[in-house]
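Scroll down for the structure; my scribbles are underneath it.
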Amino acid sequence: MNWNIQNSLEEYRIHEWSDDYFSINEKGSICARPYKDQRSISIEEILKEVKASKISFPLVIRFHDILKHRVHDLFQTFNTLIDKHHYQGKYQGVYPIKVNQLREVVEEIISSDHPIGLEAGSKTEALAVSQFNLNPDSICIFNGFKDKDYIKTTLLNIKAGKKTAIVIEKYQELQSILDVSEEMQIEPILGFRVKLSSKGSGPWAESSGETSKFGLNINEILKLCEDLKSQNKLHLLNLLHFHIGSQVSTITSVQNATKEAMRIYTSLSNMGVPLKYIDIGGGLGVNYEGVLGISQTAINYKTSDYIETIIKIIKETADEAKVSHPNIISESGRYLTALHSCIVTNLVNTNGTKPYDFQSEHQNTVLFKKLLENLKEENYAETFFNAKRIKKDTYQLFLENKAKLNDKAEVDYLFKKLLFKIKELDIKDPTFETFESEILDQTVSQYICNFSIFQSIADSWAIKQVLPIAPITKHHEYPSEVVKIYDITCDSDGKVSQYLSPTGKRKFLRLHKAKPEDDYPIAFFMTGAYQDIMGDMHNLFGRLNEVHVFYDSNEPGNFYLEEIIKGNQSEQILSTMQYNPENMAFNYKRSIDAKVKKGEITPRKGVKYIDTYEEILKGYTYLNIS
Ligand SMILES: *Cc1c(COP(=O)(O)O)cnc(C)c1O
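Just so you know, the sequence shown maps onto residues 646 to 1271 in my numbering.
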């Protein structure tokens, strides 16, 4: 089969999902293009360096330049469209750290030349936000349910010189905010989250609407204004916030929500509430599926359409009400981080789909062989049905002791053989579609990869999010194998069930024929938003090894690894579960010592067992196969 880089780009739809941050170089391996231009970093080269540093798979690679470029892109798009529409307000982006709280990620984002601020959604996140030095023109947004300590943290952030808005999520929060503010002698910017009637779209649609968990309804907002007025504090109320969920799938829902929010904004303004900011929350989606369209997890808009829609509606509604244009705050986390990191791992096993021939003389195997001989395109459906029937019958006979183990093994073998033969017929008959997935399911190769889906791509399991997966190398060669990806957890859910295809989604992935001993790295892309922190400890695999890559044209390969963070050792993970690694080794030693005492193990061997136990305890949690 003729195959070239262009075929591969289409097969894995790299230019579509990656928004041009990734491509394939002339060597046929995937490279990052952190500035969306000719500057590129080969992932294969990164892996060579990583290997030389004795860092093993699985591995998170972070491209810091992509983070920085993404911030630039967002501000640039807003600012260009603000100019285009003669919009009078400013754009003030904030990064919601819950999307990826890793210190290095936050530091990279705020090191941008643009005045990007930070958003916290909990007390602990607020503490994290408060320790960063931010651009003096930026703003911080403190959302989420608040106790007095959270409120104090907000005010401490203001004391440290940062402009900070505290967003009231529940009406009852107002009084504690005013009390703490009085006590600490400092006045915050007050905002409130509005519970809109219009809903979002996409996987988090339910986080919006009148029954959502957060926010004040109109009734409570009016009461809030009255309370503030009666306490001479209305001047503090400057910000209106709404959030209709993450990865919003349709532009219409953005339109409706912004319109409703702006009607509230302008009505309040005209009543004398000194609003200055509209905070449109998160929701700006990324193109995981590489195609703009209608599905739960796909988006149907381009970034600039989304932003232009918002600017136009805000302007139009403000003008109509003769209210000055508000400053626009967005809390775009997924957009900023999703693309900056990927997970690279290796193959542990490729499940043999071709079983052995066990030679049996059983009547069913004789029947089966006839079916195989007579298989033609015209009778494939009938043959398939008969084959399934004989297989089931053999199983029954086996239970009744009328077929032996090798008879069953032989029938299973012939059944697989038949499926492969049907596949080879390459049937064009439209009714074949009804059989296809059943045949496919039983003939795909299982590629077991050294990683945990629950730790590294949780959304693929939890909400069936499709994430781009591709081999790093060999893009000159035809990927001849039809495969499904499995992880190394002992959970039967530990598999990827949906993949990108050249035209949409499908239940398998094309990869090259490869064995575990081959150098065949496989990457999961777009894992930078939420996946790092939503990951869990299923089977105690824990955090991955991680490298932080920076572009530098003076360095060989145009990059350097600024930092290598080691993933979890088994003893670290165990100590989070209340095991004490020192005691563990000691307890193990005690059992060995007892055996030595009884003379069942020689002392020399005993010491060796204990050393081995301790050594493995200090090792990486993932499979050690490279
Ligand atoms: C989660 C969240 C965000 C981030 O949303 P993205 O879709 O990732 O940009 C922003 N604001 C609030 C209030 C959130 O809860």
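Even glycine gets a Cβ: it sits at the ideal position worked out from N, Cα and C.
Keep in mind it's a predicted model, so treat the numbers as computed, not measured.
Between Gly926 and Ile889, the CB-CB gap stays under 9 Å. For Lys815, the shortest separation between its Cβ and any heavy atom of ligand 1 does not lie below 8 Å. Excluding five sequence positions before and after Thr982, the CB atoms of its chain that fall closer than 6 Å to its own CB belong to Val744, Asn745, Gly1173 and Ala1174, given in chain order. Taking a cut-off of 8 Å for Cβ pairs, the segment 831-847 and the segment 813-823 touch, as three or more such pairs fall below it.
Under the DSSP assignment, Gly935 falls outside any beta strand (DSSP E); it carries neither an H nor an E label. Looking at the DSSP output, Cys987 bridges to Ile706. Under the Cβ criterion (8 Å, minimum of three pairs), the segment 1138-1151 does not count as touching the segment 668-687.
With contacts defined by Cβ atoms closer than 9 Å, Gln1087 and Leu1064 form a contacting pair.
Within the same chain, Cβ atoms closer than 6 Å to the Cβ of Pro1124 are found at Arg1155, Leu1156 and His1157, the five residues on either side in sequence being excluded. Distance from the CA of Leu937 to the CA of Asp924, rounded to the nearest whole angstrom, comes to 26 Å. Excluding sequence positions up to five before and after Asn649, its CB lies within less than 7 Å of the CB of His1121, all in the same chain and listed in chain order. If you look at Gly1251, you'll find it isn't in any beta strand (DSSP E); it sits in the alpha helix (DSSP H) that goes Pro1248 to Leu1262. Val739 is bridged by DSSP to Gly762. Of all residues, those with a beta-carbon under 7 Å from at least one heavy atom of ligand 1 are Pro741, Lys743, Val744, Glu764, Gly766, Asn788, His888, Ser891, Gln892, Gly926, Gly927, Gly928, Leu929, Glu976, Ser977, Gly978, Arg979, Tyr980 and Ala1174, reported in chain order. The DSSP assignment places 1025-1044 as complete runs of the alpha helix (DSSP H) inside the segment 1020-1058, in order along the chain (cut-off: 4 residues). Relative to Val1141, the option among Glu1126, Gly762 and Pro1113 whose CA is nearest is Pro1113.
A residue is called buried when at least 16 other Cβ atoms come within 10 angstroms of its Cβ; Gly1244 does not meet this threshold and is exposed. Between the beta-carbon of Cys676 and that of Ser668 there is about 6 Å, and that keeps the pair under the 8 Å contact cut.
Comparing alpha carbon positions, the residue from Ile706, Ile1218, Arg715 and Gln830 closest to Cys987 is Ile706. Within its own chain, the residues whose Cβ lies closer than 8 Å to the Cβ of Pro919, once the five positions on either side in sequence are excluded, are Leu879, His880, Leu882 and Asn883, listed in chain order. For His660, the enclosing alpha helix (DSSP H) has its first and last residue at Ile659 to Trp662. By DSSP's assignment, Phe837 forms a beta bridge with Ile813 and Leu885. Taking a C-beta distance under 9 Å as the contact criterion, Asn1190 and Ser701 qualify as a contact pair.
For Tyr1131, the enclosing beta strand (DSSP E) starts and ends at Glu1126 to Tyr1131. Arg1155: member of the beta strand (DSSP E) spanning Leu1154 to Leu1156, first to last residue. Within a 10 Å sphere around the beta-carbon of Asp1074 sit fewer than 16 other beta-carbons, which makes this residue exposed. Its Cα nearest to that of Tyr657, the residue Val1111 stands out among Val1111, Val1194 and Lys1263. Counted as a single uninterrupted DSSP element, the stretch harbouring Ile866 is not any beta strand (DSSP E) but the alpha helix (DSSP H) occupying residues Ile863 to Ser875. With the rule of 3 Cβ pairs closer than 8 Å, the segment 728-743 counts as touching the segment 772-786. Between Ile1084 and Ile1067, the beta carbon gap of about 6 Å places them in contact (Cβ cut-off 8 Å).
Between the segment 1198-1215 and the segment 996-1016, the count of C-beta pairs closer than 8 Å stays below three; the two stretches do not touch.
Remark: three or more beta-carbon pairs, one from each stretch, lie closer than 8 Å, so the segment 1208-1218 and the segment 1254-1267 are flagged as touching. In this structure, the beta-carbon distance from His759 to Phe708 does not fall below 9 Å.
By the neighbour-count definition (other C-beta atoms within 10 Å, threshold 16), His970 is a buried residue.
Only residues of its own chain outside the window of five on either side were considered, and among them Tyr736 and Ile956 have a CB closer than 7 Å to the CB of Ile727, listed in chain order.
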